[in-house]
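Q: To start, I am sharing the structure in question, which I have written as structure tokens.
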Amino acid sequence: MPVRIGVIGVGVMGGEHARLLAHEVSGSEVVAVFDVDPQRAGQVAAATGARSHDDPMVLVKDEQVDAVVVASSDPTHEQFVLAALAAAKPVLCEKPLAPDVAGCGRILDAEVELGRRLVSVGFMRRYDQGYRALKDVLDGGRVGRAVMLHCTHRNASIAPGLDSSALISGSAVHEIDIARWLLDEELTAVTVHTPRRGAGATGTQDPLFLVFESASGVLVDVEVFGNAGYGYEVRAELVADHGTVSLDSPPPTALRSDGGVARVVPADWRGRFAEAYRRELQDWVASVEAGTLPGTASAWDGYVATEVAQVGIRALETGQRQTLELREKPALYA
Ligand SMILES: NC(=O)c1ccc[n+]([C@@H]2O[C@H](COP(=O)([O-])OP(=O)(O)OC[C@H]3O[C@@H](n4cnc5c(N)ncnc54)[C@H](O)[C@@H]3O)[C@@H](O)[C@H]2O)c1
Numbered sequence: 015m016p017v018r019i020g021v022i023g024v025g026v027m028g029g030e031h032a033r034l035l036a037h038e039v040s041g042s043e044v045v046a047v048f049d050v051d052p053q054r055a056g057q058v059a060a061a062t063g064a065r066s067h068d069d070p071m072v073l074v075k076d077e078q079v080d081a082v083v084v085a086s087s088d089p090t091h092e093q094f095v096l097a098a099l100a101a102a103k104p105v106l107c108e109k110p111l112a113p114d115v116a117g118c119g120r121i122l123d124a125e126v127e128l129g130r131r132l133v134s135v136g137f138m139r140r141y142d143q144g145y146r147a148l149k150d151v152l153d154g155g156r157v158g159r160a161v162m163l164h165c166t167h168r169n170a171s172i173a174p175g176l177d178s179s180a181l182i183s184g185s186a187v188h189e190i191d192i193a194r195w196l197l198d199e200e201l202t203a204v205t206v207h208t209p210r211r212g213a214g215a216t217g218t219q220d221p222l223f224l225v226f227e228s229a230s231g232v233l234v235d236v237e238v239f240g241n242a243g244y245g246y247e248v249r250a251e252l253v254a255d256h257g258t259v260s261l262d263s264p265p266p267t268a269l270r271s272d273g274g275v276a277r278v279v280p281a282d283w284r285g286r287f288a289e290a291y292r293r294e295l296q297d298w299v300a301s302v303e304a305g306t307l308p309g310t311a312s313a314w315d316g317y318v319a320t321e322v323a324q325v326g327i328r329a330l331e332t333g334q335r336q337t338l339e340l341r342e343k344p345a346l347y348a
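Each residue of the sequence shown is one higher than the one before, starting from 15 at the first, in the numbering used here.
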């Protein structure tokens, strides 16, 4: 019997998750969708064989729905995740778990009260083959201890006038999560530098250069460049005691034309992380079916990512190094 999934919010991400769950992930079917845009919901329902609901809270409680995917806009995540917890159903929520620390805290409290981990957060880079290979090298001890991690996160362009803080809460938040996951430790302080603005910057400081400090003293630098102009690119190089390990630039194909050889850079994150999204959903569905914990980021990871991002925004606004103080980690997330 496949896991029956309801998807709330079927825009770019939710529409793609619904497609993958209906057609590419094994052991799942999409039975219900909801979006405040009924036309969009109708299209995705027709393409996946799902029913289009007119009330998201009814969708969550529907007995035909075993598990929920939340991919609506950021400020709406909390209410749907809390509803899934109230119905004791597994929920995979796109990042961020909630855009504010208080909202993440309410989700943590509800899950701890329930006493079972049902919340996953869509930090899909944990399923990217490149990052996993990087972690395997580090964990295998081949290059010794991590000393520095250099990260680059570039978009072709971002929405005109988007506030600089969104470069941290929407983009650098992926580096925040992947750094914690790779290093297996918390970040404790952050400084944000603001270089001269790029020519494509529209009403916002772009790019940003963030420097995080980890508990053991690793430095993690992150360039976030929203209007880099040429495409979407993510890079990472981990520098360790006896060597370095870095992501190779996918895709593994080269374009030969017009007297030259070129690697094609994807236009956005969907091309770069297509396989990671599929693997993430596959792991989540398998764990829901088996009643085991998935390898996805937990509600705790979602809370920490939001907390670190918010402190990063404070560092940007004040121009000062900011230190972090996390709430006490509940035993549920040990
Ligand atoms: N993991 C990633 O790599 C990644 C990438 C992009 C976006 N995201 C996250 O995914 C989520 C969706 O982003 P997107 O790019 O698909 O945006 P989008 O605007 O394309 O889609 C959002 C959808 O949510 C719907 N919506 C808004 N309010 C709603 C509500 N109250 N109830 C139900 N539906 C509602 C909108 O109508 C829209 O269809 C966001 O939280 C975003 O931060 C994650």
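Heads up, the beta-carbon is just placed ideally off N, CA and C, and yes, glycines get one too. Bear in mind the structure is a predicted one, so any value in this text is a computation, not a measurement.
Between which two residues does the beta strand (DSSP E) holding serine 271 run?
A: Mapped onto the sequence shown, residue 271 falls at position 257. Start and end: 268 to 271.
Q: Below 8 Å on the Cβ atoms is my guess for glycine 351 versus valine 95; work out the distance and round it to an integer in Å.
A: Summary: the structure shown does not reach residue 351, with the chain confined to residues 15 through 348, and so no result is reported for it.
Q: Assess, as a yes-or-no matter, whether the segment 233 to 248 is touched by the segment 168 to 186 under the definition of 3 or more beta carbon pairs within less than 8 Å.
A: These segments touch.
Q: In its own chain, which residues sit with a C-beta less than 7 Å from the C-beta of valine 232, not counting the 5 before and 5 after it?
A: Mapped onto the sequence shown, residue 232 falls at position 218. Taken in chain order, the residues that qualify are Ala160, Val161, Met162, Leu163 and Leu197.
Q: Helix, strand or coil: which one does DSSP assign to leucine 106?
A: Mapped onto the sequence shown, residue 106 falls at position 92. Strand, per DSSP.
Q: Please report how far the alpha carbon of glutamate 206 lies from the alpha carbon of alanine 323, in whole angstroms.
A: Taking the first residue of the sequence shown as 1, we reach residue 206 at position 192. Taking the first residue of the sequence shown as 1, we reach residue 323 at position 309. Position check: residue 206 holds valine in this sequence, whereas glutamate was assumed. Distance between the alpha carbons of valine 206 and alanine 323 is about 11 Å.
Q: Within 8 Å, do at least three Cβ pairs link the segment 72 to 90 to the segment 38 to 48?
A: Segments in contact, yes.
Q: What does a CB cutoff of less than 7 Å around leucine 73 pick up in its chain, not counting 5 residues either side in sequence?
A: The residue given as residue 73 occupies position 59 in the sequence shown. Within the same chain, leucine 73 has close Cβ partners Gly20, Ile22, Ala46, Phe48, His67 and Val79.
Q: In whole angstroms, what separates the C-alpha of leucine 152 from that of tyrosine 347?
A: Taking the first residue of the sequence shown as position 1, residue 152 is located at position 138. Taking the first residue of the sequence shown as position 1, residue 347 is located at position 333. So the alpha carbons of these two residues sit roughly 23 Å apart.
Q: With glycine 257 as the anchor, note down where its beta strand (DSSP E) starts and where it stops.
A: In the sequence shown, the residue the question calls residue 257 occupies position 243. Where glycine 257 is concerned, the enclosing beta strand (DSSP E) stretches over 257 to 260.
Q: Pick helix, strand or coil for phenylalanine 94, following the three-state DSSP scheme.
A: Start at 1 with the first residue of the sequence shown, and residue 94 comes out as number 80. Correct three-state label for phenylalanine 94: helix.
Q: Does the structure place the segment 109 to 116 close enough to the segment 54 to 70 that three or more beta carbon pairs sit under 8 Å?
A: Contact fails: fewer than three Cβ-Cβ distances are below 8 Å.
Q: In the DSSP assignment, find the unbroken alpha helix (DSSP H) run with serine 230 in it and report its ends.
A: On the sequence shown, position 216 is the one that residue 230 refers to. It is not in any alpha helix (DSSP H) - serine 230 carries neither H nor E in the DSSP assignment.
Q: State the Cα-Cα distance for the pair leucine 224 and valine 234, rounded to the nearest angstrom.
A: Taking the first residue of the sequence shown as position 1, residue 224 is located at position 210. Taking the first residue of the sequence shown as position 1, residue 234 is located at position 220. Taking the straight line from one Cα to the other gives about 8 Å.
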